[in-house]
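Heads up: the sequence shown runs through residues 366 to 592, numbered per my numbering.
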Amino acid sequence: MRLNVLQHVSDEGPGAILNWANDHQATVTIYHPNDFGLLPTVDETDLLVVLGSPASPNDDDQWIKDERALIKGMLTAKKPVFGACFGAQQISLILGGRVQDAPAKEVGWLEVTRQSDRIAGLPEVATPLHWHQQMFTIPEGTDLLYSSKYLQEQGFVYQDLAIGLQFHLEPLELNVREMCANDGAYANGSVLNQTAEEIVNHGVPADNQAVMNRLLDYLMKENPENV
Numbered sequence: 366m367r368l369n370v371l372q373h374v375s376d377e378g379p380g381a382i383l384n385w386a387n388d389h390q391a392t393v394t395i396y397h398p399n400d401f402g403l404l405p406t407v408d409e410t411d412l413l414v415v416l417g418s419p420a421s422p423n424d425d426d427q428w429i430k431d432e433r434a435l436i437k438g439m440l441t442a443k444k445p446v447f448g449a450c451f452g453a454q455q456i457s458l459i460l461g462g463r464v465q466d467a468p469a470k471e472v473g474w475l476e477v478t479r480q481s482d483r484i485a486g487l488p489e490v491a492t493p494l495h496w497h498q499q500m501f502t503i504p505e506g507t508d509l510l511y512s513s514k515y516l517q518e519q520g521f522v523y524q525d526l527a528i529g530l531q532f533h534l535e536p537l538e539l540n541v542r543e544m545c546a547n548d549g550a551y552a553n554g555s556v557l558n559q560t561a562e563e564i565v566n567h568g569v570p571a572d573n574q575a576v577m578n579r580l581l582d583y584l585m586k587e588n589p590e591n592v
């Protein structure tokens, strides 16, 4: 399996996704399209992962448009895509949704509640890391997957081909420390009222890896020809 990751900022890496990839003997390549302007092709990709970014999908940068063209090509070819935060917003735009300012900035740990039984084996409640102040709207033809106290549109699944999450299940302990060390001031003004130190000290819930694994397993099980 060829897993290609689009990483947009140095302190927001694939984390737990690499653990899953190692368990599945996947060949992983990490691209940095905003730095180098390069992307994999659809033919080179069995599973595409699109990570977070301080940019907005509404920005006019060419790499953002090129990235959406790749995601659209993957979906047209019936190949799976997983998006976190910015990545999920990119998928939403492609499917006819919108990206806009969220009602409240969410930075820190906050429970999300499962809203759909479409993906078996997911817990009713998970506690991921939130790191955003924009949001996607749920496109037509998708199932709402998660909601939180402050935002209904926290996750969606599209035709067994794409999963988009506004939050982050992928950070491991090292990733959280890295994010808070380098961008901890971003927590200022969050409705969650957590400092960078509190976010680090909270620790990564043990279940987050299992939830991440289940979501990626679902995408690949539903698309076995790509394995």
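Where is the CB? At the ideal position from N, CA and C, for every residue including glycine.
Quick check on this structure: which residue in the options has the alpha carbon closest to the alpha carbon of residue i?
i	options	result
F451	G461, L460, I429 and K470	I429
L581	E476, N540 and N387	N387
D548	E505, A449 and S375	S375
R479	W385, D411, Y511 and G417	Y511
Q531	M544, T502 and L557	T502
G448	L371, E476 and A546	L371
P341	E377, P488, T392 and N384	An answer regarding residue 341 cannot be provided, because it is not within the stretch 366 to 592 covered by the chain.
E518	P405, P468 and L440	P468
H497	R542, A491, L404 and L516	L516
M613	I528, G417 and V556	Lying outside 366 to 592, the shown extent of the chain, residue 613 is not represented and no answer is given.
A550	K444, S513, D466 and K470	K470
P405	D424, G554 and A434	A434
L403	D466, E432, S513 and P445	E432
M500	D466, S513, G554 and P488	D466
Y583	V490, I395 and P445	P445
Thinking residue i and residue j are a contact (beta carbons under 8 Å), I'd like their distance in whole angstroms, please.
i	j	result
V414	I382	6 Å
V464	P422	5 Å
D607	L368	Coverage of the chain is limited to positions 366 through 592, which leaves residue 607 absent and any answer about it impossible.
V337	G438	No answer is possible for residue 337: the residues shown for the chain start at 366 and end at 592.
Name, in chain order, the residues that DSSP records as bridge partners for residue i.
i	result
E409	DSSP, once it has assigned bridges, lists no residue as partnering E409.
I619	The displayed coordinates of the chain run from 366 to 592. Any statement about residue 619 would go beyond what the structure contains.
D466	Q499
T560	Beta-bridge pairing links T560 to no other residue.
H533	L494
T441	DSSP, once it has assigned bridges, lists no residue as partnering T441.
Could you name the residues of the same chain whose beta carbon sits closer than 6 Å to that of residue i, not counting the 5 residues immediately before and after it, in chain order?
i	result
G380	E535, P536, L537 and N540
T492	W474, E476 and P570
T441	none
Spatial neighbours of residue i within its chain, please: CB distance less than 8 Å, with the 5 preceding and 5 following residues excluded, ordered by chain position.
i	result
Q390	M366
V565	V541, R542 and C545
V556	A469, K470, E471 and Y515
Using a Cβ-Cβ cutoff of less than 7 Å, which residues in the same chain neighbour residue i once the five nearest sequence positions on both sides are dropped?
i	result
H567	W474
M577	A381, I382, W385, L534 and E535
A552	V472, G473, Q559, T560, A561 and I564
Touching by the beta-carbon criterion (3+ pairs, under 8 Å), the stretch 443 to 457 and the stretch 481 to 491 = no
Evaluate the contact criterion for the stretch 523 to 533 versus the stretch 502 to 509: three or more CB pairs, one atom per stretch, below 8 Å.
-> yes
Any 3 or more C-beta pairs closer than 8 Å across the stretch 568 to 579 and the stretch 455 to 462 | no
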